[in-house]
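First to last, the sequence lines map onto chains B and Z.
The first sequence finishes on residue 189 if you use my numbering, and the numbering steps up by one all the way, no holes.
The second sequence finishes on residue 1275 if you use my numbering, and the numbering steps up by one all the way, no holes.
Beta carbons: idealized from backbone N, C-alpha and C, even for Gly.
Comments concern the structure below.
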Amino acid sequence: MKKVIITVSSVTYAIKGRKLLSKQNIDSRIVKIDASQSNNGCTHGIEFNSSLLLEAVRILRENGIAYSLYGE
Amino acid sequence: MIYLDNAATSFPKPRSVIEETEICIKKYCANSGRSSHSLAIRTSEEIYRARECVSDFLSANSPENVCFTANATYALNFAIKGLITKKCHVLISDLEHNSVLRPIHKLHKTKGIDYSVFSTSGDIAENIKKCIKPTTKAIVSTLMSNVSGKEIPLEILSKIAKKHNLLLIVDASQLIGHKKINLSKNPCDALCAPGHKGLFGIQGAGFLVFGKEIPTQTVIEGGSGNESKNPGMPKNLPERMEAGTLPTPSIVALRAGIEYINKLGLHYIEEKNKMLTDIFHESLKQIDGIELFGSENGIISFRFRDKESSEIASELDRFGICIREGLHCSPLAHRTLGSYNTGLIRVSLSIFNKESDAEHLVKALREILF
């Protein structure tokens, strides 16, 4: 199963995002994003099944969580 | 031992608070938001759980706006110095603790901020309105005096702040855990509180809940676990206000304390506090020579004509009775009450006190005095 990671601004928003996704039955886990992969330095992201990407970003957007795709 | 000093810190703590704190220290107390291992993630989840708990307790609907601090004094400093950044006029009440007065006074000395003190006697709303000037930008007020127990309703403060477009920073140190605070109905820009008084947590954690404004200034800068390449603190709450390692066991205890209160019900706590306050007041007023200064919300303060408060406090300790005497870090309140030169003896109750504690206190006082 292919995974995708969405980067958010902090661990607080990663946890908030994971809880919101979980309410919509999207399983995910919180990961630490390496400093080399981010303009601002260390942060956290949410990893989940890539087939659910559109649904997941919709949920995050509706709840005011700023995000970017890991690797962008 | 009879503990009557709950306004300083609540004691004892509920068993569930002790147990949850112990589990945290033994099982998962890593550093939130730093490392990538599962223990660190679990710690971060527990911190977030505490944010949700605080937010729900205050009907704030925004866990991300809950920022943890070492105590209410730090919270007030962060709120006052973070939100009041330009030269302006500020209003404070005549019952303020030094945790409000001192940062305001510092801003007065260093940034030229002007402040006025509004009276809490009579019609508080009218008293505040009379003090508002064209340059007034903020109200900073306690919600309950730690000396007299007098309440300043958040509803009144919130309405005035909204009508006159003023910032509102409130000190909920004494009121929280005693009566319901609803930030959806009565919003403010920052509410500050400790975990270790009415919320039955342990010392080491407090919090502030921000409204819509994010503080432009930070007071403490340091590691936040994110945006490390940025030499400034992160833009967003809560990490913007949380430099350094969080006091995780104290935050867990705070959350457990709120859950304990939710289980009992604030209504039950309010009723019991009122009942105990009335019993203590009625018992104490029978003593010859006593001068009572306030009996509200679990706080009863008094003095005696012919004996110093410090002497009485020391004698009460020999009877195993714990109270606090002096100015209670609130010289402004004592000026207002007329006890600035003598200080007062303060009894402050919790739901763990019993009716018989009043009898023991009165008996001890009679032995000391007569």
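Partner residues on chain Z for residue i, Cβ-Cβ distance less than 8 Å
i	result
residue 148 of chain B	941
residue 160 of chain B	1131, 1132
residue 132 of chain B	949, 950, 953
Chain-order list of residues whose beta-carbon lies under 8 Å from that of residue i (same chain, five-residue window excluded)
i	result
residue 1143 of chain Z	956, 969, 970, 971, 972, 973
residue 150 of chain B	122, 124, 159, 160, 161, 162, 187
residue 960 of chain Z	966, 967, 968, 970, 971, 1114
residue 1013 of chain Z	1019, 1020
residue 1164 of chain Z	921, 958
Residue i, enclosing beta strand (DSSP E) - first and last residue
i	result
residue 1230 of chain Z	1229 to 1231
residue 1099 of chain Z	1095 to 1099
residue 997 of chain Z	994 to 998
residue 974 of chain Z	971 to 974
residue 1253 of chain Z	1249 to 1253
residue 1076 of chain Z	1072 to 1076
Nearest-angstrom beta carbon gap, residue j and residue i [assumed within contact, 8 Å]
i	j	result
residue 1158 of chain Z	residue 1000 of chain Z	No, residue 1158 of chain Z and residue 1000 of chain Z are not in contact; Cβ-Cβ is about 28 Å, not under 8 Å.
residue 1098 of chain Z	residue 1115 of chain Z	Actually they are not in contact, since the Cβ atoms of residue 1098 of chain Z and residue 1115 of chain Z sit about 13 Å apart, beyond 8 Å.
residue 1063 of chain Z	residue 1039 of chain Z	Not quite, the Cβ-Cβ distance comes to about 21 Å (not below 8 Å), so this is no contact.
residue 1203 of chain Z	residue 906 of chain Z	Contact doesn't hold; Cβ gap of about 18 Å is too wide.
residue 1274 of chain Z	residue 1209 of chain Z	6 Å
residue 1153 of chain Z	residue 934 of chain Z	5 Å
residue 1181 of chain Z	residue 1258 of chain Z	6 Å
residue 1174 of chain Z	residue 1072 of chain Z	Not quite, the Cβ-Cβ distance comes to about 30 Å (not below 8 Å), so this is no contact.
residue 1107 of chain Z	residue 1241 of chain Z	In fact, because the Cβ distance is near 32 Å, the residues do not count as touching under 8 Å.
residue 155 of chain B	residue 1141 of chain Z	That pair is no contact at about 15 Å.
Nonlocal neighbours in the same chain, by C-beta distance under 6 Å from residue i, ignoring five residues either side
i	result
residue 1130 of chain Z	938, 939
residue 987 of chain Z	1120, 1122
residue 1145 of chain Z	1138, 1139
residue 1050 of chain Z	1000, 1238
residue 185 of chain B	124
residue 169 of chain B	143
residue 1231 of chain Z	1248
residue 1279 of chain Z	Since the first and last residues shown for chain Z are 906 and 1275, residue 1279 of chain Z lies out of range.
9 Å Cβ cut-off: residues of chain Z touching residue i
i	result
residue 180 of chain B	None at all; the shortest Cβ gap to chain Z is about 11 Å.
residue 152 of chain B	1133, 1134
Residue i - containing alpha helix (DSSP H), residue span
i	result
residue 988 of chain Z	977 to 988
residue 940 of chain Z	Careful: residue 940 of chain Z lies outside any alpha helix (DSSP H) and carries neither H nor E.
residue 1113 of chain Z	Premise fails: residue 1113 of chain Z lies in the beta strand (DSSP E), 1111 to 1115, not in any alpha helix (DSSP H).
residue 121 of chain B	Here residue 121 of chain B belongs to no alpha helix (DSSP H); instead the beta strand (DSSP E) covers 120 to 124.
residue 1267 of chain Z	1260 to 1274
residue 1237 of chain Z	1236 to 1242
residue 1065 of chain Z	1059 to 1068
residue 922 of chain Z	920 to 928
residue 176 of chain B	170 to 179
CB contact check: residue i to chain C, cutoff 8 Å
i	result
residue 128 of chain B	Reference to chain C is not applicable here, since the protein chains of this structure are B and Z.
Distance cut-off 7 Å: residue i Cβ against heavy atoms of the ligand NAD
i	result
residue 183 of chain B	The model on display carries no ligand, and the ligand NAD is accordingly not part of it.
Contact list for residue i against chain B, beta-carbon separation under 7 Å
i	result
residue 946 of chain Z	147
residue 1144 of chain Z	127, 129
Under 8 Å from the C-beta of residue i: neighbouring residues of chain B
i	result
residue 937 of chain Z	128
residue 871 of chain Z	Outside the displayed span of chain Z (906 to 1275) sits residue 871 of chain Z, for which this structure offers no information.
residue 1139 of chain Z	126, 127
Interface residues of chain Z facing residue i [CB-CB closer than 7 Å]
i	result
residue 157 of chain B	1132, 1134, 1135
Beta-carbon proximity list for residue i, same chain, < 7 Å, skipping 5 on both sides
i	result
residue 1177 of chain Z	1256
residue 1270 of chain Z	1192
residue 167 of chain B	119, 120, 121
residue 979 of chain Z	1111
residue 1228 of chain Z	909, 910, 1218, 1221, 1250, 1251, 1252
residue 1016 of chain Z	992
residue 1184 of chain Z	1260, 1263
Which full runs of the beta strand (DSSP E) of 3+ residues lie inside the region 126 to 168 of chain B, going along the chain?
DSSP runs (the beta strand (DSSP E)) wholly in the region 126 to 168 of chain B: 145 to 150, 160 to 166.
For the region 1008 to 1043 of chain Z, list the alpha helix (DSSP H) runs that are entirely contained and at least 4 residues long, ordered along the chain.
1029 to 1036
Any alpha helix (DSSP H) of 4 or more consecutive residues that is wholly inside the region 1135 to 1215 of chain Z:
1153 to 1169, 1171 to 1189
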